[in-house]
Amino acid sequence: MAIDTHTHFYEPNRPQGVPWPPSDNELLYRTVLPPHLKTLAEPVGITGTVVVEASPWVDDNQWILDLAEKEPYIVGFVGNLDPDSDTFDANLDRLSENPIFRGIRIGRGHLQGGALARSGVRRLADNDLSLDILAGPDQLSLVADLARKLPDLRIVLNHVAHVPIDGLTPDAAWIDGLHAVAEFPQVYCKVSGMVEMAKKSPAPAEMAYYAPTMDHLWEILGEDRLIYGSNWPVCERAADYATVYRIAQEYFASIGSEALKKVLYSNPTLAYGIRERTG
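Going from the sequence shown to this note's numbering is simple: count from 1 and add 4.
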């Protein structure tokens, strides 16, 4: 078993269209559905995916869950709900009745001001759900503060916390921030988005370019808190699916088969509370 924990699905040809990606994005504005992913992911050994909702439309959360009902390849879904919304509780209750729904994702704006721990986010832990966070190096201290206030909430940092990657030692603020979140065992980090964070263009395809960044992730967070994600199809702005997977696979396989198994399966299962699907 191997899980890609970060993909997006959408259908611009629906009657209602899509709010994201924009129609002028020639690369991403196209039909992106499970069969398209499976064509790329199954040949490299990926057996399931966690879908992350980028659309701000509440109804699109149900659209993905309806898709998952017919597609067992979707093993988990991270929704898009505003924890400050008056309708958050009702929407969370409704969506979490489906075991494929495993949490929500928030952006950087929600971390400011320290109010997040007082918002509906508290209810995620009560429902055995997780919180994905888009955060940069300068916001990792805020993530650590949230983890301190909500010790029962599993938190998943997206896209290696958006550290710029240049093939050398990563930014000191990012390293310090990782140490801050590492104090809290419920915080995980996705090894995703690295080709998009590469300073070189086109993004290097060699694992060695990304190794200094991954070395720090491994040394600071360890073998039990890193999970793999492709960020497909967005990753195609910088590299194809096979290249993105190979970079991560080569690095963790060089450490050992057990490390690779944890990053691809054991850790995602724990981070999201994924239940086995049949059919």
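For each residue, glycine too, the CB sits at the ideal point set by N, CA and C. Computed from a predicted structure; not experimentally measured.
CA-CA distance, valine 238 to arginine 152, rounds to 32 angstroms. Of all alpha-carbon atoms in Ala186, Asp149, Val167, the one lying nearest the alpha-carbon of alanine 177 is that of Val167. Under a 10 Å Cβ-count criterion, aspartate 8 is classified as buried, with 16 or more other Cβ atoms of the shown protein chains found around its own Cβ. Rounded to the nearest angstrom, the gap between the Cα atoms of glycine 140 and arginine 229 is 18 angstroms. A contact between stretches requires three or more CB pairs, one per stretch, nearer than 8 angstroms, and the segment 39-52 fails this requirement with the segment 82-98.
Closest in alpha carbon position to aspartate 97, among Thr35, Leu128, Ala257, is Leu128.
Going by DSSP, valine 147 is part of the alpha helix (DSSP H) stretching over 144-153.
The beta-bridge partner set that DSSP reports for lysine 74 is empty. Here DSSP, grouped into helix, strand and coil, assigns tyrosine 232 to strand. Of all alpha-carbon atoms in Asn162, Thr35, Gln143, Val191, the one lying nearest the alpha-carbon of aspartate 156 is that of Val191. Closest option to proline 19, judged by alpha-carbon separation, among Leu135, Tyr255, Asp64, Ala242: Asp64.
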